[in-house]
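Protein sequence lines, in the order shown, are assigned to chains A and B. Taking the working numbering, the leading residue of the first sequence gets 1443, the next gets one more, and so forth. Taking the working numbering, the leading residue of the second sequence gets 1443, the next gets one more, and so forth. To start, the structure under review is shown below, and the notes come after it.
Protein chains: 2
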Amino acid sequence: MNFPAQEQVNEMNLINIESVKLSCKNCSLSELCLPRSLSDDDLARFEEIVDTRPPIPKGGALYHAGEASQALYAIKSGAFKSVVTTEDGEEQIVGFHMPGELVGFDGVESVHNCTVVSLDRSTVCELPLRDLEALSRKVEGLQREVYTVMRREISQEQAMLLLLARRTAESRLASFLLSLSHRLGSRGFSRNEFNLVMSRHDIANYLGLAAETVSRLITRFQESGIVEVNRRRVTILDLAMLKERVGQPGGTKV
Amino acid sequence: MNFPAQEQVNEMNLINIESVKLSCKNCSLSELCLPRSLSDDDLARFEEIVDTRPPIPKGGALYHAGEASQALYAIKSGAFKSVVTTEDGEEQIVGFHMPGELVGFDGVESVHNCTVVSLDRSTVCELPLRDLEALSRKVEGLQREVYTVMRREISQEQAMLLLLARRTAESRLASFLLSLSHRLGSRGFSRNEFNLVMSRHDIANYLGLAAETVSRLITRFQESGIVEVNRRRVTILDLAMLKERVGQPGGTKV
DNA sequence: CGAGAGAGTTGATCCAGGTTAAGTACGTGG
DNA sequence: CCACGTACTTAACCTGGATCAACTCTCTCG
C-alpha cells in the first residue's frame, strides 16, 4: 500500500524490527492489537511471548492451508488476503487483512484451512499460541481479549454471508468500499482517499463477482460522481450516495 | 425432528432435565460437548457451572440480536437456526445447529449480532461465559476446547463463503444435503435417511437461493435417482452421485 | 367434513451478471 | 524508448436462477 500516512508506519516498523528491540508499549498499533486493556506489568509479560518475523514479500505466504496452526499474527504493515482452496483448485478469498488486525483464527483440529498471502511487503508480530494460552491463564483480561477478536471475526463473516447471499453486485461493491474506508479510517488513515492493495480480480473474487463486473461498477460509480478511481487510488466524493447504493433493493427477496 | 434414533435422545433429556439432576458425565452428548478431554475431577467442576434452561418451543428464540452475550449453549435436543437481520428487515440464515453443537459465539463487544430461533421444541444447557472464563483459567484443556470450537466455526463459515460466492444452485443444495448427512451421521443418526427440520424457504435462504429453485432442484435430484424426498423426509439413494453434483463445474471461474 | 392457511411444486418469463472477445494503459527490462 | 506482459476496461451476447403466477397437498380448526 502506498498511503502517505502508512509510509510512516512502515518506517517505524523497519526501525523497530531492524534496529530496536521490539516493544509493544511503543508500537504504533498497540491500541489495535491484543494487549489493549493490559496493565504495564502484564504488557511486559505479553511482550516476552511476541516474536518478530522477517518481512514477507508481496505474494509470499504467512502460512498455508494444511499447516499446523501455531500462532496468531498481528499485522504491523502491508496487507494480506486469506484464501480457501478446494480440491479442484478453485480459490475463494474469504478476507483481507489490514495493519492492526490479527490473523490466524481459522482452522480445524489445529490445522489451518486457509492460506494467508501477502499483498505487499508486509511485517507481522507472531504470538505463539502455546505461550498465549499459558499467559492468558494468568492474565485476567487477555483471554477475553482473544475471545472478543474471534467473536468479531465470526460476526464479520456472518455479515459477509448475508452480502453474498442477498445483495446485488452494486451493493456488494459499495459495501466493500465503505468497509475499507471505515477500517482504514479507524486506524488513522484517510477515510476518503486510499489505495486498493488488492487487484480488481481479488476484489471480484472476494465479492463473488466477475472482474469485469467490478470494473463496470467502478465506472458506473464514477459516472454518478460517487467516487473517483485512478488505477488503484480511490477517492470517495459522495459518502451519502455510496451508502445509498448499499441499501438499494435487490438480491433475493426474503 | 423425528428421527427414530433421536427420539431416544429426547427421552433421555427429558429424564435428565425433569427428574434427575443434570449430569454431564451421564449426558448422551458428553462426547460432543465441551468437556471432551476433561478429567473426572474437572468434569465435576464443569458441571457446577452448567445451568439447564426450560425447553424452547418451535419458533421461540434462544437469544436475540442486540442482547448481551452472556453464555454459550449446548444443544441437547431439537435444532436452531441463526439469523442475521439488516436494518431494512432483510434476513439471512447463517447457520443451522443440531444436537451436540454449541452456539453463542457470534457478537461484537459482547452483544449478539444474530438471533437464534428454535426450529422445533428444543432443549439446551447454558454455560455462563463468566463462569466458563473463570473455570478455563484453572482447567488446562478447557480453554483450548473453546478455541477449537470457535476456530471450527470460523472455518465452516469460510467454507460457506466459498459456497455462496462460487457454486451453482445445484452444487449448493448437494453440499447442503451432504453436510446434513455428515453432521447427523457423526452424531449417531442415520447418514442416509433423515428429516429436514427446516422449511424449503429456510434452506433456500441459507443457500442464497429462491425457494422455488430449491424445490426444482429436489425434483431434479429425485428424477436422477440421487435422493428420494417425501415432504421433509430425505433418503439418500446414491451418495456418490450426490457428491458428483457438488464438484460439478459452474459458478464463477477463478 | 369442508374451509382456510401454510408449505411445497411447477411452469412461463425476464434480467443481472457471467462469459467471451477485443481492446487500452502501465511499467519493467533490454 | 520500444516491446512485451500484466492489469484493467469496454462492449456484445447469453444463461442460470429470480420473479410472478397458478396450482396441489396437508394439516388444522370449527
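Yeah, the Cβ is synthetic: ideal placement off N, Cα and C, and Gly gets one too.
| Query | Result |
| --- | --- |
| First and last residue of the uninterrupted alpha helix (DSSP H) at residue 1580 of chain B | 1571-1580 |
| Beta-carbon proximity list for residue 1688 of chain A, same chain, < 6 Å, skipping 5 on both sides | 1613, 1616 and 1617 |
| Chain A residues whose Cβ lies nearer than 7 Å to that of residue 1545 of chain B | Here the premise fails: no neighbours, minimum Cβ distance about 11 Å. |
| Three-state secondary structure (DSSP) of residue 1554 of chain A | coil |
| Under 8 Å from the C-beta of residue 1528 of chain A: neighbouring residues of chain B | 1604 |
| Stretch pair the stretch 1541-1552 of chain A + the stretch 1467-1481 of chain A: three plus CB contacts closer than 8 Å | yes |
| Best match in A:1626, A:1676, A:1649 and A:1648 for proximity to residue 1661 of chain A [C-alpha to C-alpha] | A:1676 |
| Per DSSP, the bridge partner or partners of residue 1403 of chain B | The structure shown does not extend to residue 1403 of chain B, since chain B is modelled only from 1443 through 1696, so no value can be given for it. |
| Closest by C-alpha distance to residue 1622 of chain B, when choosing among B:1568, B:1479 and B:1678 | B:1678 |
| Counted within 10 angstroms of its Cβ, other Cβ atoms place residue 1458 of chain B as buried (16 or more) or exposed | Reliability fails at residue 1458 of chain B, whose pLDDT of 43 lies under 50, so the model's placement of it is uncertain and no value is given. |
| Three-state secondary structure (DSSP) of residue 1645 of chain A | helix |
| Beta-carbon proximity of residue 1514 of chain B to residue 1546 of chain B, cut-off 9 Å | yes |
| Expected contact under 8 Å - CB spacing of residue 1757 of chain A and residue 1620 of chain A to nearest Å | It is not possible to answer for residue 1757 of chain A, since the shown part of chain A is limited to 1443 through 1696. |
| DSSP state of residue 1485 of chain A mapped onto helix, strand, coil | helix |
| N-terminal and C-terminal residue of the beta strand (DSSP E) that residue 1676 of chain A is part of | 1675-1678 |
| Beta carbon proximity, residue 1524 of chain B to chain A, threshold 9 Å | yes |
| Near-chain B residues of the stretch 1483-1498 of chain A (beta-carbon distance less than 8 Å), N- to C-terminal order | none |
| Own chain, CB closer than 6 Å to residue 1628 of chain A, minus 5 neighbours either side, in chain order | none |
| Cutoff 9 Å: residue 1664 of chain A Cβ touching any chain B Cβ | no |
| DSSP bridge partner residues for residue 1538 of chain A (one or two, in chain order) | A:1523 |
| Exposure label - residue 1465 of chain A; buried when at least 16 CB within 10 Å | exposed |
| Residue 1549 of chain A classed as buried or exposed, judged by whether at least 16 other C-beta atoms fall within 10 angstroms | buried |
| CB of residue 1593 of chain A within 9 Å of CB of residue 1511 of chain B, strictly | yes |
| Proximal chain A residues relative to residue 1549 of chain B, where beta-carbon distance stays under 9 Å | 1590, 1593, 1594, 1596 and 1597 |
| Assigned secondary structure, residue 1689 of chain A (DSSP; H/G/I helix, E/B strand, else coil) | helix |
| Members of the stretch 1644-1655 of chain A that neighbour chain B once the beta carbon cut-off is set at 9 Å | 1646, 1647, 1648, 1649, 1650, 1651 and 1652 |
| Neighbour list for residue 1579 of chain A in chain B, Cβ cutoff strictly below 9 Å | 1578, 1579, 1580, 1582 and 1585 |
| Cα-Cα separation between residue 1624 of chain B and residue 1516 of chain B, rounded to whole angstroms | 19 Å |
| Nearest to residue 1648 of chain B (by Cα), restricted to the options A:1607, A:1479, A:1656 and A:1646 | A:1607 |
| C-alpha gap between residue 1558 of chain B and residue 1609 of chain B, whole angstroms | 26 Å |
| Cβ distance (whole Å) where residue 1599 of chain A is taken to contact residue 1603 of chain B below 8 Å | 7 Å |
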